[in-house]
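> Quick one: the structure is below, and I'll ask about it shortly.
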Amino acid sequence: MNFKTLTIASARRALDAKEYSALELTDAYLKNIAARDGGIHAYLEVWESAARAEARAADERIACGGSHPLTGIPLAVKDNILIEGRVASAASKLLENYRATYDATVIKKLKAQGAVFLGRTNMDEFAMGSSTEHSAFGPTKNPRDPSRVPGGSSGGSAAAVAADLALAALGSDTGGSIRQPAALTGIVGLKPTYGAVSRFGLISFASSLDQIGPLTKTVGDAKMLFDSIRGQDENDSTTLPERPENVEKPRVIGTPRDFLKEGTEPDVLVRFEETLAKLRARGYEIRDIEMPNLSYALAVYYILAPAEASTNLARYDGIRYGLSVPADSIQEVYTKTRGAGFGREVRRRILLGTFVLSAGYADAYYRRARAVQNAIRQEFARAFDPSTDGVDAIATPTTPAPAFKFGAKSDPLAMYAEDIFSTSANIAGTPAISVPMGAVVRDGADLPVGLQLIAPQGGEETLFKIGADVESA
Amino acid sequence: MFMSEPKVDVRALAVLAHIEVRGAELEKLEQEIPNILAFVETIQKADISADTPAPELRNVMRDDGEPHESGMYTERLLAQAPARKGDRIAVKQVISREKS
C-alpha cells in the first residue's frame, strides 16, 4: 500500500475488494509506529495486540459483506477521550493511572462500525495549550520539522496522521485545538458545530466550547469520520437534533481582511490570497466583510475558558479517582494532590479562572465576556444572514504563522496569540475547518499553513464543499 | 467602564482553588496573571448593545427514574478510588473535634 495516497475512502475500497486485509493494514501502521514514533512521540500508548484483534474482527465482518465506512480503519484517539478499561490521562500526572470506566459516545459509535484503535495520542495537559509542550509526558515533534512543535492541543493526533502513524484521528477543539495542529502539520482538521458531536466521555475542559472532531488527510475523510461520530445523544444534553442539510452550492466567501492584518506573517497572507484567487477562479465570489468584534474573540476566550476550567477541574480532588497525595487532613489531600498533579499551565488557568469568577470581579470579567460573546455571535449571524445577502462562509488563515520552535513561546500570552483566528468559531458555536494551503519557508524548511473556513451553525456540508475545491484547486 | 488595576492576591486564589503553589512559582504567577488580565481587559472596549436571543435549548433534563440498575458500576468505579472500605470510597475525616 502506498501511504502517500492512502485515505479512508481508498482503504475502504481496497478492504472491500480484498486487495489487502484489515490486519495487514493495521500491521502496516503498527510497523510505521515502531519504526518512527520514537522520534516523533505522537503516541502515549500503543495498543498493539488489541488493535490486531480488532482488525481480525473487522476482517470477519468484511468477509460477510457487512462492512461500514470505518470497518477495519486504523485510528488514533486523543488521550482525553474515554475507552472503557483503557488509561485516559489527558496527558496529566493527575490522571496518569486512571482507567476509563465507560466508553465515550464517539468511541461507542466507532466500535459499532468495527474501527481499529491503534493507541492514545499526546496532547497539552487537559487540552490547554497550542504546542504539546504542556504535556506531562514530554512534547510531540512536528513530522515536517522535528525542531518545531506540531501545534496543540491535539498535537499527537495531528502528528500521527501527518507521519502515517494512523490513517485518521480524533481530537478535541476548545479554542483551535484540532484546526491549529492540523494546519501546522499539513492535514485537515474539523471543529464541528457546537452540539453536533456528543462530548459524553470527553474529559471536560470548557464545556460551553469543547467539541470532538476529526483530523484526517483529506476533506472527504473528515466528512466520513464526522458522519460516523455525529448525532444527538441523551448523555450530552447540549447535542442538537440533526437538521436538514444545506445542499445548495456555496457561492460567496467573506474575508475580514482588516482583522487579518494584525500580526499575520506576510508570506502566510500571500498563501492566503493565492488560495482565495484559486477559489475565485472556480467561480466563488470573494467579498471583504467587516466584523469589528472579531478582534475581541481571543480575550473573551481567555476569560471564559479558564473560568470554566476552574470549575470543571474542581472534580480532581484526590478522593474518588486519579492521583491522591496522602496528607494529615482532607484539606491538605486536596491542595497537595492538585499542586502535584496539575502542571504549570493548568494551575495558571485554574487560578486565572478563579479570579475572573471571584466576587467583585465576575461582573467586569466573566459577565462582560459573556456579553461580548453574544455580540460576536450576532456579528456572525449578520455576516451569514441570507436575507441581507450574507456570505456562505468566512475565510481566514488558520494561524498567523507556521509551526514555531520548541521553547519559542514561553510567555503565556505569546502562546495564547496562536489562537487569534480560531477561538471565534468556538465562541460563536459555528463549525470550522482547516485545509492545507501550501507552505512557507523558515530556516530552509517547507512548513505547511492552513486555510480556515467558518460556516453558519449546522453548515459542515458547506465547509466540505469549499474544502474539496481548495484541495483540488 | 474601565477598571483600576486589579490587585491580584495569588496566594488567596490558590487557597480558593485548593492548589498548593510555592516559592518561585508564586512570584512568577504574581507577574503573569496581571499581564494576562491586562490583555483580556480589552473587552471593556467592545460594543455589547446586541440583543441576546433566547437559547434553543433550555433546562434539558432526563426523565426521572433509575438511569441504570443499582450497583452495576460499583466495582468499576471503586477500582479507580485511591482508598476503599467495603463498597464505599474511604475519605479522611472532614470535621474533627477540637481537643481541649
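Protein sequences, first through last, are from chains R and D.
Here the working numbering is used: the first residue of the first sequence is 1, the next is one more, and so on.
Here the working numbering is used: the first residue of the second sequence is 1001, the next is one more, and so on.
Think of the CB as a built atom: it goes at the ideal place given N, C-alpha and C, for glycine as much as any other residue.
1) Please list the terminal residues of the continuous alpha helix (DSSP H) segment that includes glutamine 1031 of chain D.
2) Given that a residue counts as buried once 16 or more other Cβ atoms are within 10 Å of its Cβ, and exposed if not, what is lysine 1007 of chain D?
3) For leucine 453 of chain R, which residues of its own chain have a beta-carbon under 6 angstroms away from its beta-carbon, when the five flanking residues on both sides are left out?
4) Check each candidate in R/Asp221, R/Met128, R/Ser324 and name the one with the smallest Cα separation from alanine 9 of chain R.
5) Compute the distance between the beta-carbons of asparagine 122 of chain R and alanine 159 of chain R, then report whether it is under 9 angstroms.
6) According to DSSP, simplified to helix, strand and coil, what is alanine 327 of chain R?
7) Using 9 angstroms as the limit for Cβ to Cβ distance, is methionine 1001 of chain D near chain R?
8) Helix or strand or just coil, what does DSSP make of methionine 1001 of chain D?
9) If contacts are defined as beta-carbon pairs under 8 angstroms, then isoleucine 303 of chain R and tyrosine 365 of chain R qualify, I think. What distance do you get, rounded to the angstrom?
10) 9 angstroms is my cut-off, CB to CB: does lysine 336 of chain R come that close to chain D?
11) So what's proline 236 of chain R in DSSP terms, helix, strand or just coil?
12) Is the Cβ of glutamate 1069 of chain D closer than 9 angstroms to any Cβ of chain R?
13) I believe leucine 30 of chain R touches alanine 51 of chain R by the beta-carbon criterion, under 8 angstroms. Please report the beta-carbon distance rounded to the nearest angstrom.
14) Between R/Phe384, R/Ile376, R/Thr311, R/Ile83, which lies nearest to leucine 351 of chain R when the distance is taken from Cα to Cα?
15) Anything in chain R within Cβ reach of threonine 1042 of chain D, meaning under 7 angstroms, just list it in chain order.
16) Could you tell me which chain R residues have their CB closer than 7 angstroms to the CB of lysine 1092 of chain D, listed as they occur along the chain?
17) Please confirm if alanine 1017 of chain D has its CB atom under 9 angstroms from at least one CB of chain R.
18) Excluding the five sequence neighbours on either side, which residues of its own chain have a C-beta within less than 8 angstroms of the C-beta of glycine 429 of chain R, listed in chain order?
19) Name the chain D residues whose beta carbon is nearer than 8 angstroms to that of tyrosine 302 of chain R?
20) Going by the DSSP bridge assignment, what does glycine 171 of chain R pair with across the sheet?
21) Between which two residues does the beta strand (DSSP E) harbouring leucine 447 of chain R extend?
22) Are at least three pairs of beta-carbons, each pair with one atom in the region 1019-1038 of chain D and one in the region 368-388 of chain R, less than 8 angstroms apart?
23) Looking at C-alpha atoms only, which residue of R/Gly390, R/Phe3, R/Ser198 is the closest neighbour of glycine 213 of chain R?
Here's the rundown:
1) 1023-1040
2) exposed
3) Ala393, Ala395, Ile433, Leu463, Ile466
4) R/Asp221
5) yes
6) coil
7) Unreliable positioning characterises methionine 1001 of chain D in this predicted model, as indicated by a pLDDT of 41, which lies under 50. The coordinate reading is nonetheless provided below. Yes, its Cβ sits closer than 9 angstroms to a Cβ of chain R.
8) Because the pLDDT of methionine 1001 of chain D is 41, which lies under 50, any placement of that residue in the model is unreliable, and the number read from its coordinates should be weighed accordingly. Three-state DSSP puts methionine 1001 of chain D in coil, outside helix and strand.
9) 5 angstroms
10) yes
11) Looking at the sequence provided, one finds aspartate at residue 236 of chain R rather than proline. Of the three classes helix, strand and coil, the one that applies to aspartate 236 of chain R here is strand, per DSSP.
12) no
13) 7 angstroms
14) R/Thr311
15) Tyr296, Ala299
16) Ser329, Ile330, Val333
17) yes
18) Thr193, Tyr194, Gly195, Arg377, Gln457
19) Ile1036, Phe1039, Val1040
20) R/Gly213
21) 445-454
22) no
23) R/Ser198
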